[in-house]
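Numbering (this note's numbering), first residue to last: -18 to 122.
Note that beta-carbon positions come from the ideal geometry of N, C-alpha and C, so glycine has one too.
None of these values were measured; they are calculated from a predicted model.
This report concerns only the one structure given below.
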Amino acid sequence: MSRFLVTYACSKPATYLIASQFYGRMKNSGYPTSLSSANEVFSVEGFDAIILLAELSHGQVHQEGAELLDSFQSKFKTLPLWLYLCGSFHSEEGRRLWDSRSKTRLEPLLERLDLQEVGYISELDALHISTPASAVKSLRA
């Protein structure tokens, strides 16, 4: 059975709480799952997929999340990664800021990691970005 790591990078409790919910749901579904702060991840060996929840502020990924992504950049070419960026994507007028500012700043990160945008999750106020399809296929095999 696949083993998952749920990790989080945040300075506010909301992102940690969402990570805890992911962890709890996966654990309750019978998946072997670990929960850890991004700054406590020293290896991704032994995991079949990583779920990272990170704060996004002014188009920048929280420092601990960015460091984790940089540290294991080569591993994420083949190891499935689900990246959830949590933050405010709306202006006071209700206009989505993601479209105008954040996406431009994140494109180099997405390109470097070979990640693809999957969608906007409004109820979590988070953006879900996932791994290349080839890595997901290898996890299912």
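Item, Value
"Could you please give the first and the last residue of the uninterrupted beta strand (DSSP E) stretch that includes THR(-12)?", "-15 to -10"
"Do you know offhand how far THR(-4)'s Cα is from PHE53's?", "21 angstroms"
"Taking all protein chains shown into account, do 16 or more other C-beta atoms lie within 10 angstroms of the C-beta of SER81, making it buried, or fewer, making it exposed?", "Legend: pLDDT at SER81 = 42, less than 50; position of this residue unreliable, value from coordinates given subsequently. By the 10 Å Cβ count, SER81 comes out exposed."
"In three-state terms, what does DSSP make of LEU50?", "helix"
"Taking all protein chains shown into account, decide if TRP79 is buried (16 or more other Cβ within 10 angstroms of its Cβ) or exposed.", "Only weak support is given to the placement of TRP79: the predicted model assigns it a pLDDT of 45, under 50, and the question is left unresolved by the model."
"What is the C-beta distance between ALA19 and PRO61, in whole angstroms, given that I count them as a contact (C-beta under 8 angstroms)?", "At roughly 17 angstroms, the Cβ-Cβ gap does not stay under 8 angstroms, so ALA19 and PRO61 are not in contact."
"Whose CA, out of SER(-17), CYS(-9), ARG(-16) and VAL(-13), lies closest to the CA of GLU36?", "CYS(-9)"
"So ALA35 is in the alpha helix (DSSP H); what residue range does that whole segment cover?", "No alpha helix (DSSP H) contains ALA35, which is instead part of the beta strand (DSSP E) from 30 to 38."
"Does DSSP put THR(-4) in a helix, a strand or coil?", "helix"
"Would you mind reading off the limits of the beta strand (DSSP E) that contains THR14?", "14 to 18"
"Sorted by chain position, which residues of the same chain lie with C-beta nearer than 6 angstroms to ARG(-16)'s C-beta, five sequence neighbours on each side aside?", "PRO13, PHE28 and ASP29"
"Report buried or exposed for GLY125, applying the criterion of at least 16 other Cβ atoms within 10 angstroms of its Cβ.", "This structure gives no information on residue 125, because the portion of the chain shown stretches from -18 to 122."
"So, using beta-carbon positions, are VAL(-13) and TYR4 closer together than 8 angstroms?", "yes"
"Using the C-alpha atoms, what's the distance from ASP51 back to ILE102?", "Note on ILE102: pLDDT 43, under 50, position unreliable in the model; the coordinate value appears next. Those two C-alpha atoms are separated by around 25 angstroms."
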